[in-house]
Amino acid sequence: MTRRVAITGMGTICALGQNLNDVWNGLVEGRSGISTVENYDIDQLAVKIAGEVKNFELSEDLLEAKDQKKYDRFIHFGLHATDEALKNSGLNLKDYDPYKVGAILGVGMGGFPITEETGKMFHERGPRRISPFFIPAIIPNMATGLLSIKYGFMGVNYTVASACASSCHAISTAVEEIRSGRHDVMITGGTEAVVCNLAMGGFINMKAFSKRVDEPEKASRPFDTDRDGFVMGEGAGVLILEDLESAKKRGATIYAEIVGHGASSDAHHITAPHPEGAGAFGCMKKAIEDAGIKPEDIGYVNAHGTSTPLGDKAETKAIKMVLGEDHAKTINVSSTKSMVGHLLGAAGGVETVFTAMTLHTGVIPPTINLDNQDPECDLNYTANVAQKKQVDYALNNSFGFGSTNSSLVLKRYTE
């Protein structure tokens with residue numbers, strides 16, 4: 047018998063805050079976390095704005111101060127969000143078979159800041175100055191590796207890297223570990239931290255970023271006529287997944303169920319989406335079929351919604367294709383990237399947290415900066431103001447470079 051998958055704990059850190067409560071309140075208020083970058087010297091760059099996490103210090107309870115500098119910032123974020131998620135869940139991992147507790151996180155790019163610093167040091171001072179901790183500091187799977195070491199679990203421990211779809215793919219894989227009974231508890235989601243010269247410079251030269259640098263808080267504007275590119279964000283979103291029946295027995299808070307997932311390829315271009323949304327349509331359709339529901343059961347879509355001219359139009363077309371144009375226009379859609387930026391490999395993690403909170407609280411977060419809606423983006427994007435509305439099923443979309451797509455279907459939990 048296939049087990050049902052419950053979300054029983056969540057943790058997040060992003061430009062709106064360093065805990066779930068602060069971040070969620072910021073979203074509901076429609077507050078932008080986009081600002082001028084302060085943590086790195088990026089004076090040479092034409093774009094100096096991001097959804098940056100400011101004033102963050104990892105607790106020494108999670109990693110001793112002498113060891114913190116050995117690991118890149120994305121690892122710090124992953125540890126922080128996981129600690130919050132585990133505390134939020136009320137789980138005591140010592141009560142579980144360690145071989146049936148695992149972690150699968152999504153990381154799109156890994157340790158760019160330390161790579162940048164080390165490359166500079168190599169060219170200035172030679173190879174002998176490369177730290178022996180350089181490789182462990184930057185490899186994408188080190189976040190899950192340190193989690194397994196800290197918490198003593200001995201189940202699966204690896205990272206999924208599929209660009210901006212990484213976290214959704216990681217969550218999909220973790221769902222199957224619970225469904226099948228191979229694992230009883232899964233730590234999943236994603237983490238990313240590449241607000242630095244090397245990564246931002248690359249995106250700038252691709253002409254992918256918004257150039258609205260004089261108004262950072264208005265730069266990310268999905269589905270708006272004046273959108274001109276995405277804004278990078280950073281942070282982590284981590285979920286604790288359990289078998290629903292086990293979660294009920296221990297009296298856990300159940301934020302939502304994950305009932306379906308789907309994946310596809312655009313088979314179109316290395317960076318641009320299929321203009322008709324063919325790949326996005328395919329993964330949403332598969333996720334709905336996997337959930338065993340009808341398209342008209344979907345009541346909310348947390349869109350990929352990056353604020354790019356091509357992407358927003360393609361996703362809109364795909365939503366209408368999969369849900370039917372009439373139904374698609376009756377439901378709420380929103381892009382929370384308008385407030386936190388695009389967290390790349392961590393996007394699906396934080397946005398699955400947001401989607402679960404939407405179902406749990408009955409509040410749909412807005413798409414801010416939607417002042418002049420693009421006529422070709424003709425859905426209800428919950429413009430600028432959150433809406434109280436209880437829905438039973440929601441879609442969460444993540445699409446990435448390399449023509450890759452992933453969608454999740456979440457269900458509101460009712461006893």
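Following the working numbering, the numbering of the sequence shown begins with 47 at its first residue and continues without gaps.
Ideal placement from N, C-alpha and C gives every residue a C-beta, glycine not left out.
Q) Mind checking whether asparagine 430 and asparagine 348 have CB atoms under 9 Å apart? A) no
Quick one: what does DSSP say isoleucine 217 is sitting in, helix, strand or coil? helix
Every unbroken beta strand (DSSP E) within the segment 147-225, with a cutoff of 3 residues, ordered by chain | 147-152 and 203-206
Can you give me the start and stop residues for the alpha helix (DSSP H) that leucine 369 sits inside? 355-369
Problem set entry | Nearest-angstrom Cα separation, counted from alanine 92 out to threonine 460 | Roughly 49 Å between the two C-alpha positions.
So glycine 325 and aspartate 336 are supposed to be a Cβ contact under 8 Å. How far apart are they, rounded? So it is not a contact: roughly 17 Å between Cβ atoms.
* Asked: Straight-line CA distance for aspartate 68 to phenylalanine 269?
  -> 26 Å
### Query
Among all the DSSP beta bridges, which residues are the ones paired with isoleucine 410?
Isoleucine 410 is bridged to Gln433.
> How is glycine 446 classed by DSSP in three states: helix, strand or coil?
Replying inline: strand
* Asked: What number of angstroms, rounded off, separates the C-alpha of leucine 73 from the C-alpha of serine 194?
  -> 31 Å
* Asked: When you compare each of Ile184, Pro182 and Thr164 to arginine 175 by their alpha carbons, which one comes out closest?
  -> Of Ile184, Pro182 and Thr164, the residue nearest in Cα terms is Thr164.
Worksheet item: Going by the CB atoms, is the gap between valine 455 and glutamate 288 shorter than 9 Å?
Response: Going by beta carbons, glutamate 288 and valine 455 fall outside the 9 Å limit.
Close Cβ partners of leucine 389 (< 7 Å) along its chain, the five nearest in sequence each way excluded
Cys60, Glu238, Gly279, Glu280, Gly281 and Val396
In whole angstroms, what separates the C-alpha of serine 381 from that of alanine 440? 13 Å
Can you tell me which of Ser292, Ala333 and Ala360 puts its alpha carbon nearest to the alpha carbon of histidine 314?
Ala360
Isoleucine 59 in three-state terms, based on DSSP
Three-state DSSP puts isoleucine 59 in a strand.
(request) Report the three-state DSSP secondary structure of glycine 97 (helix, strand or coil). (result) strand
| said: Quick check on the burial criterion: 16 or more other C-beta atoms within 10 angstroms. Buried or exposed for arginine 296? | reply: exposed
* Can you check DSSP and say which residues form a bridge with leucine 456? => Ile304 and Ala440
Exercise. What are the boundary residues of the beta strand (DSSP E) that includes asparagine 134?
Worked result: Asparagine 134 -> not in any beta strand (DSSP E); alpha helix (DSSP H) instead, spanning 119-135.
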